[in-house]
Amino acid sequence: MKFSLFMPTGLSQDFADFTDPVAAFETITELARAADESGFETVWAADHFIPFLPSRDYIFESWTTLTALARDTGRIRIGQMVTGNNYRNPALQAKMASTLDVISRGRLTFGIGAGWYEGEYAAYGYPLADAPTRLRQLGEAVRIIRSMWTEPTTTFEGSHYRVHEALNDPKGVQRPHIPLLIGGSGEKVTLKLVARYADACNVQVSPQELVRKYGILEKHCETVGRDYTSILRTSSTYCIIADTDAEARAQVPPWAPMVFPGELADYGLIGTLDTVRDRIAAYEHAGVDELVISFHDSLDPDAIRDFAKEFIQP
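For the sequence shown, this note's numbering begins at 1016 and goes up steadily by one.
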C-alpha cells in the first residue's frame, strides 16, 4: 500500500495564524517538497473555496495551487481530492486537466465528485441541485471529459451538458489518457460510475465499511464487464500520533464529523505508533491501494518526514 498527502490549503483553517498570504503559500510549497522527497505517492488538494468552519482565514484554490506545485516538485504525482463537478463546465475541466498534465510532465490524476458543500455553493452563486440530479450531472461530465482526452473531437447532447465538435489538443502526456478518479461512496450510482468510467476511486469510510463498499464495487464491475483489479482504490484518513491513545483522541478536530463518517478516533490513524501501525494494516487488509493522509500537524514538514521514516522508508 502506498501513502499520499492531503495537502492543507486552508480548508480546516490551517492558516488562521498567518497574516501574509505569500508566506502561507510558501508553506504549502515546503510541505509538497517534503512529501516529494519522502516517498509519498501523490499530493492531493481539496477543491473548496471557504473553510469547513466559515471564516476569513486563507484558503487557496486547488487548480492554481496544483499548477504551482507541478513546477515546484519533480517526482510526486498531483491531483484533486476531488474537484467539484458543478464549479466548472466539464469541457473546460478536460482542457484544464490536459494542460496541467503537460505542465506536470504526466503526473496528474484528475479527481472529480458530484459536490456537496451547500454553504459554498450559496456563497459563490452556484445552484445546488438535489443529490440525484448532481449524480446525473457527474455521469454526463465524466463521459465528456474522457471523450475529450481520447477522441479527435467531442460532441455530446445530454440533459445537463452539451458540447459540439469540441477540440482539445494537447490531450495531456499520459496514455491512453489522464487517470480519472471518482470520489464518493454511494452504492447505487457513484460506485457504478466508478466501475464504468473511472481508473481510480476514493471511498472515505472506516476499513470495516470499506470491505463492504469494495464488494459492491466489485459486483458493479462484474455487471459492466470490468476488471475490478484495474481500479486503483484510495481512501482518506486523518493522522494524530501521540504518546498515548487517549492523548491522540483528545485532539480530533471539531469539524471531523463533517468529513469522516462514524467515529474517526476508532479507525483513523489516531494513537500511539503501535496503534497507528495496526490501523494502517486494517486499511491495507480492506483492499486500499493508496492511503491519503491528512496530518493533524498540517503545516509541519517534519510530520511528513517522520511518518515516512516510520512507515514508508524502512
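A virtual CB, placed ideally from N, CA and C, is assigned to each residue, including glycine.
Just the C-alpha distance for residue i and residue j, rounded to the nearest angstrom, thanks.
i	j	result
residue 1016	residue 1326	10 Å
residue 1202	residue 1223	16 Å
residue 1073	residue 1176	33 Å
residue 1288	residue 1298	15 Å
residue 1081	residue 1093	7 Å
residue 1096	residue 1086	19 Å
residue 1108	residue 1204	22 Å
residue 1070	residue 1312	20 Å
residue 1243	residue 1183	30 Å
residue 1062	residue 1079	10 Å
residue 1110	residue 1088	22 Å
residue 1257	residue 1263	5 Å
residue 1059	residue 1174	31 Å
residue 1212	residue 1121	20 Å
residue 1150	residue 1160	15 Å
residue 1189	residue 1281	39 Å
residue 1129	residue 1153	6 Å
residue 1148	residue 1324	45 Å
residue 1200	residue 1178	29 Å
residue 1240	residue 1228	18 Å
residue 1139	residue 1328	43 Å
residue 1181	residue 1318	45 Å
residue 1277	residue 1307	18 Å
What does DSSP give as the partner residue(s) for residue i in the beta ladder?
i	result
residue 1133	Paired residues: none, contrary to the question.
residue 1253	1309
residue 1178	1171
residue 1215	1196, 1247
residue 1054	Its beta-bridge partners do not exist; DSSP assigns none.
residue 1284	1254
residue 1098	1127
At which residues does the alpha helix (DSSP H) containing residue i begin and terminate?
i	result
residue 1227	1222 to 1239
residue 1154	1146 to 1165
residue 1320	1316 to 1322
residue 1124	Note, residue 1124: premise wrong, no alpha helix (DSSP H); beta strand (DSSP E) at 1123 to 1128.
residue 1118	1105 to 1118
residue 1274	1271 to 1274
residue 1029	That residue, residue 1029, is in no alpha helix (DSSP H); it is neither H nor E in DSSP.
residue 1278	Per DSSP, residue 1278 belongs to no alpha helix (DSSP H) and is neither H nor E.
residue 1202	It is not in any alpha helix (DSSP H) - residue 1202 carries neither H nor E in the DSSP assignment.
residue 1071	Neither: residue 1071 is in no alpha helix (DSSP H) and is coded neither H nor E.
residue 1262	1260 to 1264
What residue range is occupied by the uninterrupted beta strand (DSSP E) comprising residue i?
i	result
residue 1022	1017 to 1022
residue 1078	Premise fails: residue 1078 lies in the alpha helix (DSSP H), 1077 to 1087, not in any beta strand (DSSP E).
residue 1058	1057 to 1060
residue 1092	1092 to 1095
To the nearest whole angstrom, what separates the beta carbons of residue i and residue j, a pair I think is in contact under 8 Å?
i	j	result
residue 1194	residue 1156	Contact doesn't hold; Cβ gap of about 16 Å is too wide.
residue 1143	residue 1133	6 Å
residue 1075	residue 1019	The Cβ separation is near 19 Å, so there is no contact.
residue 1125	residue 1112	5 Å
residue 1283	residue 1275	7 Å
residue 1320	residue 1049	6 Å
residue 1232	residue 1215	Not confirmed; about 11 Å, so no contact.
residue 1226	residue 1301	5 Å
residue 1091	residue 1044	Their Cβ separation, rounded to whole angstroms, is 12 Å, which puts residue 1091 and residue 1044 out of contact at 8 Å.
residue 1245	residue 1021	So it is not a contact: roughly 24 Å between Cβ atoms.
For residue i, would you say it is in contact with chain C, using Cβ-to-Cβ distances shorter than 8 Å as the test?
i	result
residue 1046	Checking the listed chains, one finds no chain C in this structure; it contains a single protein chain.
Evaluate contact between the stretch 1256 to 1270 and the stretch 1037 to 1056, counting only Cβ atoms and requiring at least three cross-stretch pairs below 8 Å. no
Are three or more beta carbon pairs between the stretch 1108 to 1120 and the stretch 1060 to 1076 nearer than 8 Å? no
Would you call the stretch 1248 to 1256 and the stretch 1199 to 1219 in contact, with 3 or more CB pairs under 8 Å? yes
Assess, as a yes-or-no matter, whether the stretch 1094 to 1101 is touched by the stretch 1159 to 1171 under the definition of 3 or more beta carbon pairs within less than 8 Å. no
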